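Here's the structure, in structure tokens; my notes come after.
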Amino acid sequence: MGKFSSVIKSYPRNFWISNVLELFERWAWYGMFMVLALYLTGSTDTGALGFSQEQKGILMGSVVAILYVLPIITGAIADKYGYKKVLAVSFIILASGYVFMVSFSSYTLVFLSFIYLAIGAALFKPVISACIAKTTNPSNSSIGFGFFYMMVNIGAFIGPIFASKLRVINWHWVFILSAGVILLNLLLLILFFKEPERELNSDPLLKSLKIIIKNIGTALSDFRFVIFLILIVGFWTMYNQLFYTLPVFIEQWMDTSSVYNFLHSISPWLAQKIGTKEATIAPEMLTNLDAMYIVLFQILISYLVMRLKPLHAMISGFLVSSIGIALMFMFNNPMFLFFSILIFAIGEMSSSPKITEYIGRIAPKEKVALYMGCSFLPMAGGNFFAGLLSGKVYQKTSDKLSLLKQEVSTRSLNIPEISEKFSQNDYYAEACNQMNMTYAELTEYLWQSYQPGKIWIIFASIGIGTVILLTIYDKFIIKKTIRI
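Just so we're aligned: the sequence shown equals residues 142 to 625 in our numbering.
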């Protein structure tokens, strides 16, 4: 305990401020992002935007992909102009970006607002990681970065809880709270953050960017490294369905009153606090189980896989996550989510940290930082392809509204098209009326008739395919003499 206490005392003020900034930034981001798919596609009479699943997938996937590519460039901007200045600009963009996101209802303007927001996030991401690196040393970096990642997940857990309650009042409050949290970050930055020591870069920014691009090209000339990055795109594509598809799937196909009743039987107070006035559990509260499991079990899982080679831990973890993602979508009983998300999270906790560790091992010693800078690229690709799957593919195979329209067409029913005066909820109500079914009966009929849960095959196949290809990579591309 004495040693741990001495390690804690060894961190300077900037370390703790940086961790608080990270916690609040993640709170703001995940408070918005966990419910974004619902906001984009929900019925307009609830204050949502009523976009199609395909529009949602393109918007979320492409913009977040851009977010993960930009840190390669934005890191150089921070080195040139200073961390505190870039963080201040980042927070100003983020705070205003959250407000812009909810100020428009046209697809184009929402798309542009999200790109603007992503630029702010891309400015923040590499700078805050660098701040942690600069305030730790070899003797305390392990605990330091462990604490940092704990802040990430605590923020990711807290954000959706607040968002879930606020969106019932008005969707605008979700984004306003995120903006407010970021403004608090700006205040903390101004009052307490001290500019870290850094090498002054007198080169023009354009020259610095050219050098970075050249260095990235050097890293990507490593055949083994490029193959690995491409394969990891598969994992991130599967993983991101937790944010892109699962909230919508729960909203459309699961009656979460059973979860509410179960919780109520254990603790009426807890059920009322996290439930809705309709005695249900909001989708984002269920998907948020992933962050809760990570906060509770990451240290234990990391200990259990500590002695595994990074590549073997990834292969095992990806396989476990594939099983979890399959079980999430295979059934329309929300009680299964407690178990399936736990399985998914165990796989995630086993494998995700090992990706960074593996890159650090495979990189030549003099190029570790350069290789690490490329670690965002698979995340960019994973988000892009996740958007495509949660968009056009989901809309065709599993989207409740699209399947209902098929049924309406088959039965030759006369129901008006969805418009500003006739919302999605109006369409569902009229379909129930003409088909002589309750809403629950309509949902069960569509589930049995069209089997929307079969999308699990696509998601799980991507994960299992990644496992198979990584196994081949391990045995045939990574030479046995340098097995990692």
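C-beta: ideal position from N, C-alpha, C; glycine also. From a predicted model like this one, the values you see are computed outputs, not experimental measurements.
Neighbourhood of residue i by C-beta, 8 Å cutoff - its chain only, sequence neighbours within 5 removed
i	result
I601	This sequence places Ala at residue 601; Ile is not what is there. Excluding positions up to five away in sequence, the list reads M379, S463, I464, I466 and A467.
P301	Y171, G172, M175, V176, E425, M426, T428, N429 and A432
Y444	none
I218	V227, L264 and L346
F617	none
T622	Because T622 carries a pLDDT of 42, less than 50, the predicted location of this residue cannot be relied on, and no value is offered for it.
Y499	F369, P451, L452, M455 and I625
Close Cβ partners of residue i (< 6 Å) along its chain, the five nearest in sequence each way excluded
i	result
L146	It should be pointed out that residue 146 corresponds to Ser in this sequence rather than to Leu. There are no such residues.
S539	P593 and I596
E548	none
I603	G375, T378 and M379
N566	S184 and D186
L327	F232
Residues near residue i in its chain [Cβ-Cβ closer than 7 Å; skip 5 each side]
i	result
L372	T607, L610, L611 and Y614
A432	N294, A297 and F298
Y591	L544
A320	A236, Y239 and V240
G188	N311 and W312
W394	N473, K541, T584, W588 and P593
I484	V461, I464, G465 and L468
P212	A263, K266, P267 and F517
I199	G528 and G532
Local Cβ density within 10 Å of residue i, reported as buried at 16 or more and exposed below that
i	result
R308	buried
L545	buried
R624	With a pLDDT of only 48 at R624, under the threshold of 50, the placement of this residue in the model should not be trusted; the figure read from the coordinates follows. The residue is exposed, with fewer than 16 neighbouring Cβ atoms inside 10 Å.
M292	buried
Y568	buried
S231	buried
F407	The sequence shown places Ile at residue 407, not Phe. By the 10 Å Cβ count, I407 comes out exposed.
R167	buried
K150	exposed
A420	exposed
I260	buried
M476	exposed
D220	buried
F480	exposed
Q575	exposed
P388	buried
S247	exposed
F364	exposed
L437	exposed
S305	buried
8 Å contact criterion, which residue i and residue j should meet: CB distance rounded
i	j	result
N155	T277	Between T277 and N155 the Cβ distance is about 11 Å, and since that is not below 8 Å, they are no contact.
P267	G216	4 Å
A206	N524	5 Å
I482	Y535	Their Cβ separation, rounded to whole angstroms, is 19 Å, which puts I482 and Y535 out of contact at 8 Å.
Y401	M201	Y401 to M201, Cβ: 28 Å. No contact.
Residue from the options with nearest C-alpha to residue i
i	options	result
V367	Y512, C573 and M292	Y512
L370	Y257, W588, K537 and G522	G522
L478	Y209, K150, G223 and S399	S399
M447	G285, S406, W410 and S491	S491
I440	G287, W377 and G514	G287
N555	Q413, L587 and A572	A572
K197	V210, L181 and V205	L181
G458	P494, G285 and M520	P494
F526	S244, S247 and F376	F376
G514	A360, K225 and P345	A360
S560	L350, L452 and L190	L190
L529	L452, V227, I599 and D220	I599
A169	K351, D220, L332 and I317	I317
I391	S159, L179 and P153	L179
D186	M578, Y580, A570 and I619	A570
V148	S282, T579 and S270	S282
A454	F470, I487 and I435	I487
W157	G285, F245 and E195	G285
P337	I269, N356, I354 and T397	I269
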